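K.L.:
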Amino acid sequence: MWAKPCEIHSKSAPNACFNSLSDLFNICLHDNKTLTQLCMCVEGAMQRIQVLHPTMPVLGPNEITSLGYTLEMLDDKLSTMAMLHALPCNEYSSFISSVLMLSALTKDADLEAFCNEKVQHCAVEDKAAAAGHNFTCYL
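Per this note's numbering, the sequence shown starts with residue 23, numbered consecutively.
#1: Evaluate LYS55 with the Cβ neighbour count: other Cβ atoms within 10 Å of its Cβ, from every protein chain shown; 16 or more gives buried, anything less gives exposed.
#2: According to DSSP, is MET123 helix, strand or coil?
#3: Could you work out which residue in PHE47, PHE136 and ILE71 is closest to LEU60 when comparing CA atoms only?
#4: Sort HIS75, HIS52, VAL73 and ASP45 by Cα distance to VAL64 and report the nearest one.
#5: According to the Cβ coordinates, are ILE49 and ALA38 closer than 8 Å?
#6: Mapping DSSP to helix, strand and coil, what is HIS52?
#7: I need the boundaries of the alpha helix (DSSP H) containing LEU74, first residue and last residue.
#8: Is ALA135 helix, strand or coil by DSSP?
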């Protein structure tokens, strides 16, 4: 009964998870803040991330049990985040937005999107190079 509402609600989770991780890594100590306030900001960011951790239901003999968030899942999220954060925002902002709208924000999905983007960039560069050639008519 609750599977469909959970599925619909979780479609926005990849983007929210990415933004939460980004917020965590962008926290810095400002001149008007204390170390205690910095720690509280980090703790708050971690709580927002932990709420978004997916659970993987596993059918047991009598009931559903839940496995936790694994290190492999964390590694996947961190590599995805690193790939997107490495891109220059002014040149790739629309690409980053389109990747963040994917229903599954995984490393494999990102690699596929990066390959597609590279193919499109190469095609545009080839067209631009072809348009730059001067043609001479000998009629």
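Beta carbons are placed, not taken as given, at the ideal position from N, Cα and C, and that holds for glycine.
Computed from a prediction, not measured in an experiment: that's the story for all the values here.
P.N.:
Short version:
#1: exposed
#2: coil
#3: PHE47
#4: ASP45
#5: no
#6: coil
#7: Premise fails: LEU74 is in no alpha helix (DSSP H) and is neither H nor E.
#8: helix
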